[in-house]
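Novice:
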Amino acid sequence: MHLTFNKYKGFLIDDENDKDTLDIKANLNKIKDNESSRKKAKKSGSTCEYRTSGFDLLEYVWKNDQYRIGDDDITDKSNHEIKVDRYGFFLRRQSHLQISSNTNDRNDDLSSHQSLYGKGLIVDNDQSENEYPEKLNRLNVEERKELRKQARESKANVKGKRNKNRSEFNKNTEVGVGVKLPTLRSKVNHLKSLFENCIEETQKRSGLKKLSETSRVFQIDDVSVYVNDLKNILNDEWLSDSNIGWVYAFLFHGYVLPLLSMKMKNSKFYDYEEDNPKFKSPICLLLPTFTFLIANHPEPRELLVAKVLPSGIEEAQIIFCPLNDNDDFGSSEGGSHWSLVVFLRLPKPKGSNETMIQKALVFDSMFEANYSETERLVSNMTQVLHNPNNTNSSTKWEIVHVRDSPQQTNGSDCGVFVCAVTGFLISELVALASAPSDSIIDFSVRALRFSAIDARIWMLNTLLNCIQNDDKILDH
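Under the UniProt record's numbering, the residue at position 308 of the sequence shown is numbered 308, and the numbers go up by one with no gaps.
1) Do residue 235 and residue 399 have their beta-carbon atoms positioned less than 8 Å apart in this structure?
2) Does the Cβ-Cβ distance between residue 419 and residue 447 come in under 8 Å?
3) Under 8 Å between the Cβ atoms of residue 411 and residue 54?
4) How big is the Cα-Cα spacing for residue 466 and residue 191?
5) Report buried or exposed for residue 193, applying the criterion of at least 16 other Cβ atoms within 10 angstroms of its Cβ.
6) Straight-line CA distance for residue 372 to residue 324?
7) Can you give the beta carbon distance from residue 288 to residue 380, rounded, assuming they're within the 8 Å contact cut?
8) Does the region 299-317 come within contact of the region 357-377, defined as at least 3 CB pairs closer than 8 Å?
9) When you compare only the Cα positions, how much space is there between residue 67 and residue 147?
10) Can you name, in chain order, every residue of its own chain whose Cβ lies under 8 Å from the Cβ of residue 250, other than the five neighbours on each side?
11) Would you call the region 225-234 and the region 207-215 in contact, with 3 or more CB pairs under 8 Å?
12) The ligand COA and residue 376: does the residue's C-beta get closer than 7 Å to at least one heavy atom of that ligand?
13) Just grab the DSSP bridge partners of residue 323 for me.
14) Residue 360 lies in the beta strand (DSSP E); which residues open and close that run?
15) Would you tell me roughly how many angstroms separate the C-alpha atoms of residue 384 and residue 304, rounded to the nearest one?
16) Does the beta-carbon of residue 409 have 16 or more other beta-carbons within 10 angstroms, so that it is buried, or is it exposed?
17) Pull up the DSSP beta-bridge partners for residue 218, would you.
18) Classify residue 446 as helix, strand or coil using the three-state DSSP reduction.
19) Tell me, please, which residues DSSP counts as bridged to residue 399.
20) With residue 191 as the anchor, note down where its alpha helix (DSSP H) starts and where it stops.
21) Could you give the distance in angstroms between the alpha-carbon of residue 282 and the alpha-carbon of residue 209?
22) Quick one: measure Cβ to Cβ for residue 417 and residue 450, integer angstroms, because I've assumed they're closer than 8 Å.
23) Mind listing, in chain order, the continuous beta strand (DSSP E) runs of no fewer than 3 residues lying wholly within the region 369-414?
24) Which of the three DSSP states is assigned to residue 282 in this structure?
25) Measure the C-alpha to C-alpha separation of residue 201 and residue 185 and round it to an integer number of angstroms.
26) When the distance is taken between beta carbons, is residue 245 closer than 8 Å to residue 217?
27) Which residue comes first and which comes last in the alpha helix (DSSP H) that contains residue 295?
28) Enumerate in chain order the residues of its own chain whose CB-to-CB distance from residue 42 is below 7 Å, with the five nearest sequence positions on each side excluded.
29) Which two residues bound the contiguous alpha helix (DSSP H) that contains residue 243?
30) Skipping 5 residues on each side, what residues in its chain have a beta carbon closer than 8 Å to that of residue 397?
31) Below 7 Å CB to CB, which residues in the same chain sit around residue 238 once its five sequence neighbours on both sides are set aside?
32) Among all the DSSP beta bridges, which residues are the ones paired with residue 51?
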């Protein structure tokens, strides 16, 4: 058996029988997933790391619980993407089980089955920003503007270098005997073909021969996707708040609500006082628009009183917030960087004097680039979430900048990383609802290397499946 992580990271190739599945657990000792071993491997010419789109486990969550959208369920349908997802799932799942099997050996446990769904934490050894001895110099306004300018110039340079070296990606890379893996070049072409298929399918369903930039392609709840939004998902383009908002709406209405509402029928998250029991999700995916309002409103509590914010945000235990560095109410496209802030409100551990564990986890693909914006969001979110009538409610929030956050290598993938990290964490949280009571979830994402191009393919492929399986004709 030949185990390789060369070029296309995450593939396991069986040279002898070319099986679809391999015994990952038996070969787990060959897989190095810590920082020091990756550095050693890199010196020796290898690249041992696990690559994921961030959404691959979601397919497993649906299949495992048999809650399917239909025969054409909304998952990635391209052959190589399914292969990547399949191996990606097996690798991460086995690795996760092995790492989490002994809670006494762990020093990064943040949440457990008990803490997420109503009982105490097992361990609380997370490090906050104040516990790190080294401090980074903070950028002033002018320096931040210069940084954004450099990011835009870097993006242009990357495109130029890519065109110059295009010949390197014209052929597929061979790994193992008789196995060909898709290159970056072939993935970019696949992404373009998905875009064209989305346009063709929309034209067919609408009866229009030509679509404008503002033609609506698909809608979930109150979130719509238009033609100009599709273009943002192409390789090396910047995602807008509409793109991230659609992914969040899809994850919430396609996974969180249907799966958790089925798994938690007898939990405290159901309101049985009404004639029709109403499920209040412990997980809230806040759209970028609402995150912007909370971060920049002079009186954020008024947004809650006026019922501008989504219902249930006060009771939610986990809140995902895509944060942009734009602070101009007059410009919807004024920002240049996205990061993810995840608010966790968990019951206190046994023996703790704290009323509740409240942490704001920051996943930033340009580490701490949105530092001041994060502080402002956390400060304002405190006013939104604090309930003076609840003795367990606290105004104390601990900001934890996750140092294992995957880092982007260009100036355009920050929004993609926000979506990918969100998708990965959502899949872990949803799977945790029906896991054994001693199961643990790790928010560090230390063993993962997110693939931006794979995540973009997932987004467009999901959109295409949504368009093809939508029962109603949209008003274009």
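Idealized CB from N, CA, C, for every residue including glycine.
Specialist: This is what the structure gives:
1) The residue labelled residue 399 in the question sits at position 399 within the sequence shown. The residue labelled residue 235 in the question sits at position 235 within the sequence shown. Not a contact, by the Cβ cut-off of 8 Å.
2) Locating residue 419 in the sequence shown gives position 419, counting from the first residue. Locating residue 447 in the sequence shown gives position 447, counting from the first residue. For residue 419 and residue 447, no; Cβs fall outside 8 Å.
3) Here the question's residue 411 lines up with position 411 in the sequence shown. Here the question's residue 54 lines up with position 54 in the sequence shown. Their beta carbons are not under 8 Å apart, which means residue 411 does not touch residue 54 by this criterion.
4) Residue 466 sits at position 466 when you count from the first residue of the sequence shown. Residue 191 sits at position 191 when you count from the first residue of the sequence shown. Answer to the nearest angstrom: the Cα atoms are 16 Å apart.
5) As a first step, residue 193 must be located in the sequence shown, where it is residue number 193. By the neighbour-count rule (16 or more Cβ atoms within 10 Å), residue 193 is not buried but exposed.
6) Sequence index remark: in the sequence shown, residue 372 carries index 372 (1-based). Sequence index remark: in the sequence shown, residue 324 carries index 324 (1-based). Looking at the two C-alpha atoms, the distance is approximately 11 Å.
7) Residue mapping note: residue 288 aligns to position 288 of the sequence shown, counting from 1. Residue mapping note: residue 380 aligns to position 380 of the sequence shown, counting from 1. The Cβ separation is near 15 Å, so there is no contact.
8) no
9) For the purposes of this step, residue 67 is taken as residue 67 along the sequence shown, with counting starting at 1. For the purposes of this step, residue 147 is taken as residue 147 along the sequence shown, with counting starting at 1. Unreliable placement is indicated for residue 67, whose pLDDT of 34 sits below 50; the coordinate value is still reported in the next sentence. Computed Cα separation, rounded: 46 Å.
10) Along the sequence shown, one-based indexing puts residue 250 at 250. The beta carbon of residue 250 lies closer than 8 Å to those of 74, 220, 462 and 466 in the same chain, with the five residues before and after it left out.
11) yes
12) This structure lacks the ligand COA, and indeed carries no ligand of any kind.
13) Residue 323 sits at position 323 when you count from the first residue of the sequence shown. 339, per the DSSP bridge assignment.
14) As a first step, residue 360 is located in the sequence shown; it is residue number 360 there, counting from the start. Run containing residue 360: 356-363, per the beta strand (DSSP E) assignment.
15) Counting from 1 along the sequence shown, the entry for residue 384 is found at position 384. Counting from 1 along the sequence shown, the entry for residue 304 is found at position 304. Straight across, the Cα-Cα distance linking residue 384 with residue 304 is about 7 Å.
16) Residue numbering aside, residue 409 sits at position 409 when the sequence shown is read from its first letter. Taking every protein chain shown into account, the CB of residue 409 has fewer than 16 other CB atoms within 10 angstroms, so this residue is exposed.
17) Residue mapping note: residue 218 aligns to position 218 of the sequence shown, counting from 1. Paired residues: 225.
18) Translated into positions along the sequence shown, residue 446 becomes position 446. Coil, per DSSP.
19) Along the sequence shown, read from residue 1 onward, the residue named residue 399 stands at position 399. 360.
20) In the sequence shown, the residue the question calls residue 191 occupies position 191. First-last of the alpha helix (DSSP H) with residue 191: 184-206.
21) The count along the sequence shown starts at 1 and reaches residue 282 at position 282. The count along the sequence shown starts at 1 and reaches residue 209 at position 209. In a straight line, the C-alpha of residue 282 is about 44 Å away from that of residue 209.
22) Along the sequence shown, read from residue 1 onward, the residue named residue 417 stands at position 417. Along the sequence shown, read from residue 1 onward, the residue named residue 450 stands at position 450. Right, the Cβ-Cβ distance comes to about 6 Å (below 8 Å), so this counts as a contact.
23) 398-401
24) Here residue 282 corresponds to residue number 282 of the sequence shown, with the count starting at 1. Coil, per DSSP.
25) Here residue 201 refers to the residue found at position 201 when the sequence shown is read from its first residue. Here residue 185 refers to the residue found at position 185 when the sequence shown is read from its first residue. In this structure, the straight-line span from the alpha carbon of residue 201 to that of residue 185 is close to 25 Å.
26) As a first step, residue 217 must be located in the sequence shown, where it is residue number 217. As a first step, residue 245 must be located in the sequence shown, where it is residue number 245. Cβ atoms of residue 217 and residue 245: not closer than 8 Å.
27) As a first step, residue 295 must be located in the sequence shown, where it is residue number 295. Element bounds for residue 295: 288-296.
28) If you number the sequence shown from 1, residue 42 lands on position 42. At residue 42, the pLDDT of 45 sits below 50, so the modelled position is not reliable; the number obtained from the coordinates is stated separately. The answer is none, since no qualifying residue turns up.
29) Against the sequence shown, residue 243 aligns to sequence position 243. Here the alpha helix (DSSP H) through residue 243 covers 241-251.
30) On the sequence shown, position 397 is the one that residue 397 refers to. Non-local beta-carbon contacts of residue 397 in its own chain, meaning distances under 8 Å to residues more than five positions away in sequence, involve 343, 358, 359, 360, 378, 381 and 382 in chain order.
31) Taking the first residue of the sequence shown as position 1, residue 238 is located at position 238. So the list reads 232, 412 and 415, once near-sequence residues are dropped.
32) Numbered from 1 along the sequence shown, position 51 holds the residue referred to as residue 51. Answer by DSSP bridge pairing, in chain order: 449.
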